[in-house]
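Chemist: Below you will find the structure I want to go over with you.
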Amino acid sequence: MALKDFLVVVDDMPASAARLDLAARLAARTDAHLTALYAFTDIAFPGYIEAEFPQELRESRRQARKDQTALMAASFDDAMRRHGLTDRSEWLEVEGDPTIAAAVRGRYADLIVVGQPDPDRDRDQPVAQPADLLFESGRPLLVVPYAGRFATIGERILVGWNGSREAARAIGDAMPLLAAAKRVVVMAANPKPGPNGLGDEPCADIARHLSRHGCRVEATHVATDVVEPGDTLLNMVADESCDLLVMGAYGRSRFRELVLGGMTRFMMQHMTVPVLMSH
Numbered sequence: 084m085a086l087k088d089f090l091v092v093v094d095d096m097p098a099s100a101a102r103l104d105l106a107a108r109l110a111a112r113t114d115a116h117l118t119a120l121y122a123f124t125d126i127a128f129p130g131y132i133e134a135e136f137p138q139e140l141r142e143s144r145r146q147a148r149k150d151q152t153a154l155m156a157a158s159f160d161d162a163m164r165r166h167g168l169t170d171r172s173e174w175l176e177v178e179g180d181p182t183i184a185a186a187v188r189g190r191y192a193d194l195i196v197v198g199q200p201d202p203d204r205d206r207d208q209p210v211a212q213p214a215d216l217l218f219e220s221g222r223p224l225l226v227v228p229y230a231g232r233f234a235t236i237g238e239r240i241l242v243g244w245n246g247s248r249e250a251a252r253a254i255g256d257a258m259p260l261l262a263a264a265k266r267v268v269v270m271a272a273n274p275k276p277g278p279n280g281l282g283d284e285p286c287a288d289i290a291r292h293l294s295r296h297g298c299r300v301e302a303t304h305v306a307t308d309v310v311e312p313g314d315t316l317l318n319m320v321a322d323e324s325c326d327l328l329v330m331g332a333y334g335r336s337r338f339r340e341l342v343l344g345g346m347t348r349f350m351m352q353h354m355t356v357p358v359l360m361s362h
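When we follow my numbering, the leftmost residue of the sequence shown carries the number 84, and every step to the right adds one.
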């Protein structure tokens, strides 16, 4: 299935501009429609405290929010003009929890573009949480690091492969990007041997599958007890100058109180390039 309908989650944080620019470039390249979701929440005070606020203060808070929303919308309009998406874009403003709003609206998109939380800035800020979106939206996520700007996206892709259903789903969701990439490297970190593992030639089977879709693909694997699997993937990203990582996302519980798998949690915290994740 082609990727023709993107949702990008924008917010008041500094990294939002780079995220919007990346989503716009990707939408322009794939001839897709781009919707920007700006979900906001005001600081909530108990009713008895709110009632004590002077009318001028309440009005000032409303005006500040209105001004900030107008500024964000203007930035979006400017980005759409620069990337030729004026006729294929939409701006949505929603008052409420950003994660819930993105999960609900994201179900009507092929891909959700969301930011990696910045531990120094976002800890107490109402921003969309990708770890929750993975399980609530039912859609693949493109998680953009909070640091850096990314000149290219999807030209050189690293696929983290372990033979799991989540990894297979991620490859299926990313197939339009994989097929268009200049180079795809499929890598297994510490592959398991045996009939239920990745076999004598780790990644060979999935590489053949990708080649049948026209991907320019090669397979590799690394076995080491010195470097953690997450670091192994990120080292390969750097060594091969990859601009996108594709991987499955894992949960260890069926219940809502999900504990992210170790690799997923590691990438959420340490990603250096955008990561396309599916659950």
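C-beta atoms are modelled at their ideal positions from N, C-alpha and C, and glycine is treated no differently.
Roughly how many angstroms separate the alpha carbons of Leu261 and Gln146, rounded to a whole number?
Modeler: Here residue 261 refers to the residue found at position 178 when the sequence shown is read from its first residue. Here residue 146 refers to the residue found at position 63 when the sequence shown is read from its first residue. The straight-line gap from Cα to Cα measures roughly 45 Å.
Chemist: State whether the region 227–238 contacts the region 95–113, with contact taken as three or more CB pairs (one from each stretch) at a distance under 8 Å.
Modeler: Flag = yes, the region 227–238 and the region 95–113 touch.
Chemist: Scan the region 205–255 and note each continuous beta strand (DSSP E) run of 3 residues or more that stays entirely inside, going in chain order.
Modeler: Counting only runs of 3 or more, we get 224–227 and 239–243.
Chemist: Among the residues of its own chain, which have a CB less than 7 Å from the CB of Ser361, if the five just before and after it don't count?
Modeler: Against the sequence shown, residue 361 aligns to sequence position 278. Cβ within range, chain order: Pro223, Glu249, Arg252, Ala253, Asp256, Gly331 and Ala332.
Chemist: For a test of the three-state rule: what should DSSP assign to Arg266, helix, strand or coil?
Modeler: The count along the sequence shown starts at 1 and reaches residue 266 at position 183. Reduced to three states, the DSSP call for Arg266 is strand.
Chemist: I need the straight-line Cα distance from Thr124 to Lys275, nearest angstrom please.
Modeler: Here residue 124 refers to the residue found at position 41 when the sequence shown is read from its first residue. Here residue 275 refers to the residue found at position 192 when the sequence shown is read from its first residue. Cα to Cα, the separation comes out at about 46 Å.
Chemist: If you compare alpha carbons, which of Arg295, His353, Leu327 and Trp244 is closest to Ala302?
Modeler: Within the sequence shown, residue 302 is the residue found at index 219, counting from 1. Ranking the options by Cα distance to Ala302, first place goes to Trp244.
Chemist: Pro181 and Pro202 look like a contact to me (Cβ under 8 Å); what is the Cβ gap, rounded to whole Å?
Modeler: By 1-based counting over the sequence shown, the position of residue 181 is 98. By 1-based counting over the sequence shown, the position of residue 202 is 119. That belief does not hold up - the Cβ atoms of Pro181 and Pro202 are roughly 17 Å apart, past 8 Å.
Chemist: Output the distance between the C-alpha atoms of Phe338 and Gln212, rounded to the nearest integer angstrom.
Modeler: To locate residue 338, count along the sequence shown from 1; it is residue 255. To locate residue 212, count along the sequence shown from 1; it is residue 129. Residue placement at Phe338 cannot be trusted, given a pLDDT of 41 that sits under 50; what the coordinates show is reported in the next sentence. Roughly 18 Å separates the two Cα atoms.
Chemist: Between the C-alpha atoms of Ala157 and Leu217, what's the straight-line distance to the nearest angstrom?
Modeler: For the purposes of this step, residue 157 is identified with residue 74 of the sequence shown, where counting begins at 1. For the purposes of this step, residue 217 is identified with residue 134 of the sequence shown, where counting begins at 1. Taking the straight line joining both Cα atoms gives about 29 Å.
Chemist: Answer with buried or exposed for His166, where buried requires no fewer than 16 other C-beta atoms within 10 angstroms of its C-beta.
Modeler: Here residue 166 refers to the residue found at position 83 when the sequence shown is read from its first residue. Buried, by the Cβ-count rule.
Chemist: So the candidates are Ala185, Val329 and Pro259; which of them puts its Cα closest to the Cα of Val92?
Modeler: Residue numbering aside, residue 92 sits at position 9 when the sequence shown is read from its first letter. The shortest Cα separation from Val92 among Ala185, Val329 and Pro259 belongs to Ala185.
Chemist: Just to confirm, does Asp308 get its C-beta within under 7 Å of one of the non-hydrogen atoms of the ligand GTP?
Modeler: Although the ligand GTP was asked about, the structure shown includes no ligands whatsoever.
Chemist: What is the DSSP secondary structure of Thr355, reduced to helix, strand or coil?
Modeler: Numbered from 1 along the sequence shown, position 272 holds the residue referred to as residue 355. In the structure shown, Thr355 sits in coil (DSSP, three-state: anything other than H, G, I, E or B).
Chemist: Among the candidates Leu90, Arg188, Asp326 and Arg171, whose CA atom is the shortest distance from the CA of Ala234?
Modeler: Translated into positions along the sequence shown, residue 234 becomes position 151. Closest option to Ala234, Cα to Cα, is Asp326.
Chemist: Whose C-alpha, out of Arg108, Cys298 and Asp322, is nearest the C-alpha of Ser172?
Modeler: By 1-based counting over the sequence shown, the position of residue 172 is 89. With distances taken between Cα atoms, Ser172 lies closest to Arg108.
Chemist: Quick test of the definition: if touching needs 3 or more C-beta pairs under 8 Å, does the region 314–324 touch the region 289–299?
Modeler: Short answer: they don't touch.
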